[in-house]
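**Student:** Pasting a structure below so you can have a look.
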Amino acid sequence: MVTNIIFNAFSYLKALIFLIFSLFIVAEATAQTTLYLKPTVGLQTLFSDFTQPPSYGHLRKSFGNYDFWSLLVQYDINSKLRISTGVSESDIGWGYKIKAPTTRAAQRTAAPIIQFPLKADILLKENIRIGKLDKIGYRYAMIFDLYTTAGISYDWFRFDNYEGAILGLSVTDPKLDKIEIEEKLPNVLHRRGASIQAGIGFQFKSHDKDRLDIQLVYSQGLRKLVTADVDYTINQTAYFLQMAARGTAFRITASYPIRLSKRRKSEE
Numbered sequence: 163m164v165t166n167i168i169f170n171a172f173s174y175l176k177a178l179i180f181l182i183f184s185l186f187i188v189a190e191a192t193a194q195t196t197l198y199l200k201p202t203v204g205l206q207t208l209f210s211d212f213t214q215p216p217s218y219g220h221l222r223k224s225f226g227n228y229d230f231w232s233l234l235v236q237y238d239i240n241s242k243l244r245i246s247t248g249v250s251e252s253d254i255g256w257g258y259k260i261k262a263p264t265t266r267a268a269q270r271t272a273a274p275i276i277q278f279p280l281k282a283d284i285l286l287k288e289n290i291r292i293g294k295l296d297k298i299g300y301r302y303a304m305i306f307d308l309y310t311t312a313g314i315s316y317d318w319f320r321f322d323n324y325e326g327a328i329l330g331l332s333v334t335d336p337k338l339d340k341i342e343i344e345e346k347l348p349n350v351l352h353r354r355g356a357s358i359q360a361g362i363g364f365q366f367k368s369h370d371k372d373r374l375d376i377q378l379v380y381s382q383g384l385r386k387l388v389t390a391d392v393d394y395t396i397n398q399t400a401y402f403l404q405m406a407a408r409g410t411a412f413r414i415t416a417s418y419p420i421r422l423s424k425r426r427k428s429e430e
């Protein structure tokens, strides 16, 4: 157990070092770079799939909200392009809702997943101004840059197998349809995966400096990491479904870039 943890930690450290090294190579090829540290927090909605649809009931593919954080190193290559890498903690989860004529029963499960993203932001429109505060147009309520963001991440799923363990849920009110649910804790198919990410961002500015950065991002897992078997009964009739999760999520995040350095490459 300890050996596996050390091996996994070393593997992910190597991946992070490789990503940061890639940023330095790109930076060396540019005339000017600005380096930022970018702490980020957010909320996300998780998505799951059916590998075997329910015989009766209703799937709830999305559910939330779950927290999200990341710590990135960002390079502003020029006024149009910036790239970043670092480490994030997201969640992988699965959820469903069982519906009977007079009863509803819902269950959701989530577990942490560590991601090592490599992202690129491309400027779409600069200095968008909203809410004029004076007649001459000198002050505005909001000034921001609109940009698109895209990237890929290396994912590490940290959840452990618990063979034979079961989550139970039941609705036994005699006036309602009786529902009983038994969900086995997930079968881990893979611990390593990847995700692709895309979205839009709003880089708010004040006095020509970057301030609060808001992003709306959809992250699509590329590989099924876990499955979960669910046995349930409605009025003593047995049914079955199986869920699968890839780590797919939609999130809204907020970050504040902290400038570490600004460097202009000397001309030779």
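Numbers 163 to 430, taken from the working numbering, label the letters of the sequence shown in order.
C-beta: ideal position from N, C-alpha, C; glycine also.
Values in this document were obtained by computation on a predicted structure and should not be read as measured data.
(1) Out of Asp339, Val203 and Gly248, point me to the one whose CA is closest to Gln377's CA.
(2) In this structure, how does DSSP classify Ile290 when only helix, strand and coil are distinguished?
(3) Does the separation of the CB atoms of Ser357 and Ile314 fall below 9 Å?
(4) Taking the C-alpha atoms as reference points, what is the distance between Thr265 and Gln398?
(5) List the DSSP bridge partners of Asp391.
(6) Check the C-beta distance from Asp283 over to Thr247 and give it rounded, since I have them as a contact under 8 Å.
(7) Taking a contact to mean a Cβ-Cβ separation below 9 Å, would you say Ala407 touches Asn349 in this structure?
(8) On a Cα-Cα basis, can you pick out the residue from Ser250, Thr271, Leu387 and Arg244 that is closest to Gly257?
(9) Determine the DSSP secondary structure at Pro348, reduced to helix, strand or coil.
(10) What's the C-alpha gap between Ser241 and Leu285?
(11) If you check the beta carbons only, do Gln382 and Gln359 fall under 9 Å apart?
**Tutor:** Quick answer:
(1) As a working mapping, residue 377 is identified with position 215 in the sequence shown. That would be Val203, whose Cα lies nearest to the Cα of Gln377.
(2) Walking along the sequence shown from the start, residue 290 turns up at place 128. Strand.
(3) Within the sequence shown, the letter at position 195 stands for residue 357. Within the sequence shown, the letter at position 152 stands for residue 314. Yes, the pair counts as a contact, with Cβ atoms nearer than the cut-off.
(4) Within the sequence shown, numbered from 1, the residue matching residue 265 stands at position 103. Within the sequence shown, numbered from 1, the residue matching residue 398 stands at position 236. Looking at the two C-alpha atoms, the distance is approximately 14 Å.
(5) Residue numbering aside, residue 391 sits at position 229 when the sequence shown is read from its first letter. Paired residues: Gln404.
(6) One-based indexing of the sequence shown puts residue 283 at position 121. One-based indexing of the sequence shown puts residue 247 at position 85. Not really, about 12 Å apart at Cβ, beyond 8 Å.
(7) Residue 407 sits at position 245 when you count from the first residue of the sequence shown. Residue 349 sits at position 187 when you count from the first residue of the sequence shown. No, the pair does not count as a contact, with Cβ atoms beyond the cut-off.
(8) In the sequence shown, counting from the first residue as 1, residue 257 sits at position 95. The candidate whose alpha carbon is nearest that of Gly257 is Thr271.
(9) Counted from its first residue, the sequence shown places residue 348 at position 186. DSSP places Pro348 in coil when its eight states are reduced to three.
(10) Position 79 of the sequence shown holds residue 241. Position 123 of the sequence shown holds residue 285. Roughly 8 Å between the two C-alpha positions.
(11) For this step, residue 382 is matched to residue 220 along the sequence shown. For this step, residue 359 is matched to residue 197 along the sequence shown. Yes. Within cutoff.
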